[in-house]
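Spelled out as structure tokens, the structure:
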């Protein structure tokens with residue numbers, strides 16, 4: 002686990018890579034590396050750089066950039082490969098030799114021997130850049146779920162990459178200018194969907210992509226996609242149609258899911274340092290905790306956030322689970338004043354604006370203070386096991402969907418959608434092509450198009466529906482949740498805020514074997530009135546305290562409404578009503594002021610998330626030193642001078 006960066010071609014070299022690497026120091030406090038690249042003629046053509054958080058093979062054998070024994074290949078790698086020991090043994094049977102116990106060396110050797118096809122064998126989270134000196138080309142790739150980020154940018158014949166956008170900005174491969182279309186997209190859901198970035202000039206390599214960057218006459222080409230894997234094809238090809246939802250027996254389904262999760266948790270515990278657990282008191286984190294304590298040979302530490310506002314705190318359920326599983330449990334008490342005072346450091350850690358994730362920053366900081374470098378999370382359980390309201394909503398809509406066509410067309414075109422948040426959501430649902438898409442749109446919409454237009458003068462671009470055609474209704478909802486909310490919000494926030502504290506966050510639910518098990522089970526076993534995630538409960542409920550799962554589901558959230566109307570009120574109101582601060586990010590102060598006043602007065606439907614998303618955007622831009630339009634031109638001119 003680390004931060005990686007570098008540059009290829011265009012005359013850029015070690016100096017630029019070194020400056021970008023400094024920006025990633027927080028991601029890897031244990032070691033740093035920098036290596037010059039050469040092409041087939043022996044000419045200098047760029048550099049690779051890395052900051053290391055040592056997790057597997059703590060020796061210097063895991064140092065990066067890592068070259069092959071013959072010097073032809075080199076790699077920088079961010080992530081963990083959980084099946085690296087099996088892959089290592091497979092490669093050894095073909096004559097490969099290894100000098101370390103690092104998973105990075107396994108990836109280096111596999112790519113050198115098998116090319117980009119080796120990526121299909123990787124089980125884990127990853128982003129990498131692999132340089133072939135003799136071929137004067139690089140392979141770049143990300144894991145199919147998008148757990149690990151990789152931003153890319155080009156200028157003047159040079160190609161650059163980095164684990165965080167701020168590094169590309171430092172190197173001159175991302176502008177100080179905010180992209181207006183990106184702001185509109187952010188306001189639609191509270192996070193920015195990939196491959197877009199908030200800054201002009203840079204994008205994110207799409208999740209699951211393996212691409213080639215070729216160097217010709219000193220100029221780097223644009224990335225050419227060689228292969229693409231999805232959450233439903235993480236191990237190679239998409240599952241056979243006969244495999245989809247084929248398991249209908251409850252006992253067989255429970256066994257399948259239980260075995261897949263136990264296997265995944267076991268693999269995610271592989272580390273040469275102590276591993277901790279995020280334990281919120283909900284079903285998913287309790288399942289991970291239960292299985293981890295079964296598999297682990299040592300006592301594990303668990304961590305939860307407790308709030309002064311008792312209506313939000315689930316600490317009592319986390320405490321019950323910790324007692325059941327015998328963990329060393331830590332409760333982190335968080336109040337509004339303390340949270341407010343930590344905001345500046347949290348916004349400094351934020352690489353792109355997101356209305357979610359600050360809870361991860363707070364708990365990650367506490368975990369790292371205890372000396373823990375790796376932590377397991379229950380993220381992904383809702384997406385795979387129908388834990389969100391969108392799943393039940395899609396199931397209720399499906400039988401009536403064909404009959405509702407005329408009324409949907411009427412609702413989608415009716416002006417009443419502009420009169421309320423609920424009306425806007427109904428209109429968005431009505432315009433969807435399937436019940437699954439309608440349910441997802443209704444759950445995840447932050448601001449409707451007409452409000453975004455009032456805020457920015459722009460409408461967000463339509464999101465392309467790329468769900469596979471053969472999947473079932475609930476699997477389609479899973480697809481939207483996995484590739485939308487989870488990928489663009491939860492996973493991105495988890496990476497940025499955990500790594501800001503030098504902590505590796507692992508997600509055993511977000512695993513190709515667990516996904517395969519979920520895909521194999523019929524929809525009918527995933528929903529049951531009065532029970533959240535029945536398939537997961539039937540598989541592992543006997544291992545959990547009953548009060549963890551036999552109660553109404555409530556998503557984990559900070560008590561923002563109380564804090565925004567309490568200790569944070571003055572700061573949020575000042576940000577949303579100041580013309581200079583609002584216009585810096587391309588918003589209109591009349592619209593932001595109206596939204597704040599609607600929230601502060603308790604207007605129906607105006608929840609905390611909407612003013613908070615605006616406040617986050619403003620604070621992120623100020624802390625990052627970026628702006629929209631002409632305000633960023635001077636900074637970009639200075640950056641161009643440095644880069645040249």
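Residue numbers (the numbering used here): 2 to 645.
Each residue gets a CB set at the ideal place from its N, CA and C atoms; glycine is no exception.
Which term fits residue i, buried or exposed, when burial requires 16 or more other beta carbons within 10 angstroms of its beta carbon?
i	result
residue 133	buried
residue 94	exposed
residue 13	buried
residue 225	exposed
residue 471	exposed
residue 417	Note that residue 417 scores a pLDDT of 46, beneath 50, so its modelled location is shaky; the value from the coordinates is reported in the next line. Residue 417 is exposed by the Cβ-count criterion.
residue 266	buried
residue 383	buried
residue 447	buried
residue 22	buried
residue 25	buried
residue 391	buried
residue 570	exposed
residue 605	exposed
residue 400	exposed
residue 489	buried
residue 673	With the chain represented from 2 up to 645, any question about residue 673 goes unanswered, as that position is not in the structure.
residue 100	exposed
Judging by CA-CA distance, which residue of the options is the nearest neighbour of residue i?
i	options	result
residue 5	442, 11, 19 and 242	19
residue 393	201, 522 and 526	526
residue 300	178, 235 and 275	275
residue 49	9, 81 and 56	9
residue 308	363, 521 and 336	336
residue 463	73, 137 and 182	182
residue 519	497, 370, 475 and 500	475
residue 341	567, 143 and 203	567
residue 103	298, 608, 85 and 150	85
residue 180	587, 506 and 620	587
residue 92	101, 100, 83 and 107	107
residue 292	227, 426 and 509	509
residue 218	66, 89, 386 and 39	39
residue 452	375, 27, 594 and 562	594
residue 214	227, 208, 204 and 205	227
residue 67	487, 43, 37 and 83	37
residue 433	461, 402, 16 and 459	402
residue 349	502, 201 and 212	502
residue 231	485, 222, 436 and 70	485
residue 1	596, 42, 65 and 190	A question about residue 1 goes unanswered here, because the residues of the chain that appear run from 2 up to 645.
residue 482	429, 546 and 385	385
residue 155	272, 290 and 173	173
residue 371	290, 277, 381 and 338	277
residue 208	43, 142 and 177	142
Put residue i into one of helix, strand or coil per three-state DSSP.
i	result
residue 21	helix
residue 100	coil
residue 596	helix
residue 618	helix
residue 629	strand
residue 155	strand
residue 198	coil
residue 10	coil
residue 563	helix
residue 707	As displayed, the chain neither begins before 2 nor continues past 645, which places residue 707 out of reach and without an answer.
residue 487	helix
residue 203	strand
residue 191	coil
residue 181	helix
residue 220	strand
Is there a Cβ from chain D that is less than 8 Å from the Cβ of residue i?
i	result
residue 88	Included in the structure is just one protein chain, with no chain D present.
I'd like to confirm something about residue i: is its beta-carbon nearer than 7 Å to some heavy atom of the ligand ADP, or not?
i	result
residue 359	Only the bare structure without any ligand can be found here, which leaves the ligand ADP out of the picture.
Would you mind listing the beta strand (DSSP E) stretches within the segment 338-364 that are 3+ residues and don't spill past its ends, in chain order?
Fully enclosed beta strand (DSSP E) runs of 3 or longer: not present.
Segments assigned alpha helix (DSSP H), at least 4 residues, entirely inside the segment 265-344
DSSP assignment within the segment 265-344 yields the following whole alpha helix (DSSP H) runs of 4 residues or more, N-terminal first: 284-296, 316-326 and 337-342.
Specify whether the segment 359-369 and the segment 425-444 touch according to this definition: at least 3 beta carbon pairs, one from each stretch, less than 8 Å apart.
Too few Cβ pairs lie closer than 8 Å, so no.
Curious, which full-length alpha helix (DSSP H) runs of at least 4 residues does the segment 61-138 contain?
Runs found: 85-94 and 104-115.
Spell out a yes or no on whether the segment 107-122 and the segment 67-76 are touching, meaning 3 or more CB-CB pairs, one atom from each, closer than 8 Å.
Contact holds: three or more Cβ-Cβ distances are below 8 Å.
Is the segment 313-324 touching the segment 346-355 in the sense that three or more CB pairs, one from each, lie closer than 8 Å?
Three or more beta-carbon pairs separated by less than 8 Å are not found between the segment 346-355 and the segment 313-324, which leaves the two stretches without contact.
Validate contact between the segment 114-125 and the segment 153-171 using beta carbons, cut 8 Å, 3 pairs:
By the Cβ rule, the segment 114-125 does not count as touching the segment 153-171, because fewer than three pairs are nearer than 8 Å.
Does the count of Cβ pairs from the segment 609-624 and the segment 562-581 closer than 8 Å reach three?
Judged by Cβ distances under 8 Å, the segment 609-624 makes contact with the segment 562-581, as three or more pairs qualify.
Could you check whether the segment 59-69 touches the segment 32-47, counting it as contact only if at least three pairs of C-beta atoms, one from each stretch, sit closer than 8 Å?
Short answer: they touch.
Determine, using beta-carbon pairs with one atom in the segment 283-291 and one in the segment 533-548, whether at least three such pairs fall under 8 Å.
Contact between the segment 283-291 and the segment 533-548 is present: three or more C-beta pairs spanning the two stretches fall below 8 Å.
Taking contact to mean at least 3 C-beta pairs separated by less than 8 Å, is the segment 231-243 in contact with the segment 144-151?
In short, these stretches touch, since the Cβ pair count reaches three.
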